[in-house]
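*Asks:*
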Ligand code: BGC
């Protein structure tokens with residue numbers, strides 16, 4: 005008899021992205037920590053998600069807020085200690101929630117012991133652990149590579165009288181993956197956390213591990229990155245042929261996958277930050293390839309126009325049905341502010357939540373998205389993100405999507421912290437707090453819970469096909485179908501009533517929707533209507 009293998013836990017799953025500094029502060033220092041997170045695991049469970057992606061918690065000087073790691077084996081004391089981490093893992097697993105860690109392997113902090121040794125000891129064992137290169141005869145940087153965060157990708161070390169490479173901040177030197185000892189040690193790091201029991205990793209910038217050793221200049225390009233925070237950033241005017249997505253990169257990911265496969269049910273999702281995203285996704289995620297899923301940038305773009313969802317979703321569904329989607333994260337403007345319309349924020353937030361819950365593959369929900377939080381506009385003297393500081397444009401940096409969670413209506417800490425929070429919580433977020441939304445049956449939070457729980461239970465969302473019926477500035481409609489049934493996901497972003505008469509007549513079995521109805525074969529959408537309908541007849 006033919007037995008069908010159960011689908012892996014992550015297929016069709018929803019991972020809740022926790023930005024640990026801003027989730028909940030239990031020790032009263034104004035910064036979120038693991039104890040605060042543990043106290044609120046019930047909240048995350050109540051949302052109906054599969055698990056969580058925990059932003060970096062490793063020891064770090066916090067120049068890039070944890071994306072600059074100074075030890076892969078220690079937790080940053082601001083978050084807690086190993087005992088706290090073990091408690092977190094046990095608590096989540098007891099509640100059937102998976103935990104994936106954010107693993108930043110492409111670079112370390114400048115304060116990592118490896119870099120210190122590498123810089124101070126050019127003949128020592130770590131000399132070649134980072135990417136060092138001599139200046140050009142005129143003293144300038146070895147080539148034209150740029151940092152994502154502004155300026156050249158090279159900084160000069162007075163001590164070594166050489167330049168070192170950094171794809172991101174100068175405080176984040178790139179590890180030299182051409183050195184086998186580096187690769188070996190990083191696999192030890194992966195193994196250490198797998199042994200601890202984590203369910204997988206979100207691999208930060210996982211196509212940036214290797215550089216071309218000939219240090220060839222990148223040619224000029226006319227774009228290619230699907231998502232750019234700051235359109236004036238010169239980084240996006242180069243074709244990144246030599247500083248990332250090198251052929252050896254995949255070989256390393258394959259060795260990581262072989263290690264991960266020695267453990268049961270673990271999962272790798274890679275952030276592929278690339279101007280050749282399509283090709284690299286295909287290369288890394290097609291059957292038999294190293295990643296289970298690739299985190300896609302298409303829905304994080306600055307503008308939404310006709311086809312903004314349909315085109316990437318259909319394209320990547322064909323390339324890799326396990327693609328991971330997100331509308332918001334800790335690097336981009338929150339979706340309700342990034343893609344404005346004439347509706348109230350709450351209606352818009354429910355619309356995007358509906359669409360997120362219907363997408364194929366895997367979806368990521370960023371903390372606060374379930375509350376419909378807007379982007380915070382912070383005065384310049386309160387901003388902390390160095391990305392903003394380093395740009396010549398007016399780009400304000402990423403602080404606006406990183407402000408702390410408003411747990412209750414108390415000021416100034418909103419139940420996030422008894423102290424002054426590390427980033428201020430804007431006035432409107434106080435009103436969108438968790439307690440207030442819990443009590444309101446029509447809140448974004450309660451609507452999100454219904455939708456997310458539906459996603460978790462509905463087999464059709466793990467295996468079904470996707471078809472788009474409409475995708476323009478006014479409305480997005482798509483269906484997910486198996487041979488037995490069709491689910492119709494609808495979001496109107498219009499302040500006018502929309503009637504769609506050319507849809508095949510269908511009988512609605514059940515719905516989680518607001519403002520939607522079927523009348524005489526027409527779908528009627530009130531202004532800002534949204535939700536999912538289960539149809540009896542397959543469309
Ligand atoms: C992370 C950013 C981080 C960068 C450098 C990214 O892709 O999402 O927050 O600044 O990697 O590590």
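Numbering (our numbering), first residue to last: 5 to 543.
C-beta atoms are modelled at their ideal positions from N, C-alpha and C, and glycine is treated no differently.
(1) Pick helix, strand or coil for residue 116, following the three-state DSSP scheme.
(2) Short of 6 Å in beta carbon distance, which residues of its chain neighbour residue 356, apart from the five on each side in sequence? Order them along the chain.
(3) Take residue 239 and list the residues in its own chain whose beta-carbon comes closer than 6 Å to its own, dropping the five residues that flank it on each side.
(4) Mind reading off the beta-carbon distance from residue 529 to residue 539? Whole number of angstroms is fine, and I expect it under 8 Å.
(5) Taking residue 390 as the reference, which of 142, 499 and 173 has the closest Cα?
(6) Using a threshold of 6 Å, is the CB atom of residue 331 nearer than that to any non-hydrogen atom of the ligand BGC?
(7) I'd like the list of long-range same chain contacts for residue 223, defined as Cβ closer than 8 Å, with 5 residues on each side in sequence excluded.
(8) On the DSSP bridge assignment, give the partners of residue 502 in chain order.
(9) Could you say which of 294, 273 and 71 lies nearest to residue 108 if we only look at CA atoms?
(10) Considering just the uninterrupted stretch of the beta strand (DSSP E) at residue 46, what are its terminal residues?
(11) Using a threshold of 7 Å, state whether the C-beta atoms of residue 134 and residue 144 are closer than that.
(12) If you run the structure through DSSP and keep just helix, strand and coil, what is residue 137?
(13) Consult DSSP for residue 94 and reduce its assignment to one of helix, strand or coil.
(14) Give the single residue among 305, 320 and 502 whose Cα lies nearest to the Cα of residue 284.
(15) Once the 5 residues before and after residue 352 are set aside, which same chain residues still bring their CB inside 7 Å of it?
(16) From residue 436 to residue 165, what does the alpha carbon distance come to, in whole angstroms?
(17) Tell me which residues pass a beta-carbon proximity test against the ligand BGC: closer than 6 Å to any heavy atom, given in chain order.
(18) Verify whether the separation of the beta carbon atoms of residue 67 and residue 20 is less than 7 Å.
(19) Which of the three DSSP states is assigned to residue 18 in this structure?
(20) Please state if the CB of residue 350 and the CB of residue 376 are separated by a distance shorter than 7 Å.
(21) Helix, strand or coil for residue 453 per DSSP?
(22) If you compare alpha carbons, which of 69, 434 and 74 is closest to residue 63?
(23) Go to residue 301, then tell me how far its alpha helix (DSSP H) extends in each direction, as first and last residue.
(24) What separation, rounded to the nearest whole angstrom, lies between the Cα atoms of residue 179 and residue 476?
(25) In angstroms with no decimal places, state the Cα-to-Cα distance between residue 453 and residue 111.
(26) What number of angstroms, rounded off, separates the C-alpha of residue 525 from the C-alpha of residue 541?
(27) Helix, strand or coil for residue 228 per DSSP?
(28) What does a CB cutoff of less than 6 Å around residue 483 pick up in its chain, not counting 5 residues either side in sequence?
(29) What residue range does the alpha helix (DSSP H) around residue 276 cover?
(30) Give me the Cβ distance between residue 424 and residue 430, rounded to the nearest whole Å; I'm assuming they're in contact under 8 Å.
(31) Which term fits residue 384, buried or exposed, when burial requires 16 or more other beta carbons within 10 angstroms of its beta carbon?
(32) For residue 302, which residues from the same chain have a beta carbon less than 6 Å from its beta carbon, with the 5 sequence-adjacent residues on both sides left out?
(33) To the nearest angstrom, how far is it from the Cα of residue 82 to the Cα of residue 199?
(34) What residues are listed by DSSP as bridge partners for residue 493?
(35) To the nearest whole angstrom, what separates the beta carbons of residue 404 and residue 379, a pair I think is in contact under 8 Å?
(36) According to DSSP, which residues form a beta bridge with residue 370?
*Replies:* Result, derived from the coordinates:
(1) On the chain shown, residue 116 is found 112 positions in, with the first residue counted as 1. Correct three-state label for residue 116: coil.
(2) By 1-based counting over the chain shown, the position of residue 356 is 352. These residues qualify, in order along the chain: 331 and 339.
(3) The sequence position of residue 239 within the chain shown is 235, counting from 1. Counting only Cβ-Cβ distances below 6 Å, and skipping sequence neighbours, we find 150 and 152.
(4) The residue labelled residue 529 in the question sits at position 525 within the chain shown. The residue labelled residue 539 in the question sits at position 535 within the chain shown. Wrong, their Cβ atoms sit about 16 Å apart, outside the cutoff.
(5) As a working note, residue 390 is residue 386 in the chain shown. The residue with the shortest Cα to Cα distance from residue 390 is 173.
(6) Taking the chain shown and counting its residues from 1, one reaches residue 331 at position 327. Flag unset: Cβ of residue 331 not near the ligand BGC.
(7) In the chain shown, residue 223 corresponds to position 219, counting from 1. Excluding sequence neighbours, residue 223 sits near 242, 243 and 245.
(8) The residue you call residue 502 lines up with position 498 of the chain shown. Residue 502 is bridged to 529.
(9) Within the chain shown, numbered from 1, the residue matching residue 108 stands at position 104. Here the closest residue by C-alpha is 71.
(10) Locating residue 46 in the chain shown gives position 42, counting from the first residue. Here residue 46 belongs to no beta strand (DSSP E); instead the alpha helix (DSSP H) covers 45 to 51.
(11) Here residue 134 corresponds to residue number 130 of the chain shown, with the count starting at 1. Here residue 144 corresponds to residue number 140 of the chain shown, with the count starting at 1. Contact flag unset, no.
(12) Residue numbering aside, residue 137 sits at position 133 when the chain shown is read from its first letter. In the structure shown, residue 137 sits in a strand (DSSP, three-state: E or B).
(13) As a working note, residue 94 is residue 90 in the chain shown. If DSSP states are grouped into helix, strand and coil, residue 94 belongs with the helices.
(14) By one-based count along the chain shown, residue 284 stands at place 280. Measuring from the Cα of residue 284, the nearest candidate turns out to be 320.
(15) As a working mapping, residue 352 is identified with position 348 in the chain shown. 340, 345 and 497, listed in sequence order.
(16) Counted from its first residue, the chain shown places residue 436 at position 432. Counted from its first residue, the chain shown places residue 165 at position 161. Going from the Cα of residue 436 to the Cα of residue 165 covers about 53 Å.
(17) 68, 71, 108, 172, 208, 209, 275, 277, 334 and 335
(18) Taking the first residue of the chain shown as 1, we reach residue 67 at position 63. Taking the first residue of the chain shown as 1, we reach residue 20 at position 16. No. Outside cutoff.
(19) Sequence index remark: in the chain shown, residue 18 carries index 14 (1-based). Three-state DSSP puts residue 18 in a strand.
(20) For the purposes of this step, residue 376 is taken as residue 372 along the chain shown, with counting starting at 1. For the purposes of this step, residue 350 is taken as residue 346 along the chain shown, with counting starting at 1. For residue 376 and residue 350, yes; Cβs fall inside 7 Å.
(21) By 1-based counting over the chain shown, the position of residue 453 is 449. Helix, per DSSP.
(22) Residue numbering aside, residue 63 sits at position 59 when the chain shown is read from its first letter. Closest option to residue 63, Cα to Cα, is 74.
(23) Taking the chain shown and counting its residues from 1, the one referred to as residue 301 is at position 297. Where residue 301 is concerned, there is no enclosing alpha helix (DSSP H), given that its DSSP letter is neither H nor E.
(24) Here residue 179 refers to the residue found at position 175 of the chain shown. Here residue 476 refers to the residue found at position 472 of the chain shown. Approximately 43 Å, taken between the alpha carbons.
(25) Your numbering for residue 453 matches position 449 in the chain shown. Your numbering for residue 111 matches position 107 in the chain shown. Approximately 37 Å between the Cα atoms of the pair.
(26) Position 521 of the chain shown, counted from the first residue, corresponds to residue 525. Position 537 of the chain shown, counted from the first residue, corresponds to residue 541. Answer to the nearest angstrom: the Cα atoms are 12 Å apart.
(27) Within the chain shown, the letter at position 224 stands for residue 228. If DSSP states are grouped into helix, strand and coil, residue 228 belongs with coil.
(28) As a first step, residue 483 must be located in the chain shown, where it is residue number 479. Within the same chain, residue 483 has close Cβ partners 471, 490, 492 and 543.
(29) Indexing the chain shown from 1 puts residue 276 at position 272. Per DSSP, residue 276 belongs to no alpha helix (DSSP H) and is neither H nor E.
(30) To locate residue 424, count along the chain shown from 1; it is residue 420. To locate residue 430, count along the chain shown from 1; it is residue 426. No, residue 424 and residue 430 are not in contact; Cβ-Cβ is about 14 Å, not under 8 Å.
(31) Here the question's residue 384 lines up with position 380 in the chain shown. The residue in question, residue 384, is exposed, as its Cβ has fewer than 16 Cβ neighbours within 10 Å.
(32) Here the question's residue 302 lines up with position 298 in the chain shown. Contacts found: 230 and 316.
(33) As a first step, residue 82 must be located in the chain shown, where it is residue number 78. As a first step, residue 199 must be located in the chain shown, where it is residue number 195. When rounded, the distance between both Cα atoms is 24 Å.
(34) Walking along the chain shown from the start, residue 493 turns up at place 489. Paired residues: 482 and 536.
(35) As a position in the chain shown, residue 404 is number 400, starting the count at 1. As a position in the chain shown, residue 379 is number 375, starting the count at 1. The Cβ separation is near 4 Å, so the contact holds.
(36) Here residue 370 is taken as the residue at index 366 of the chain shown, counted from 1. Bridge partners of residue 370: 21.
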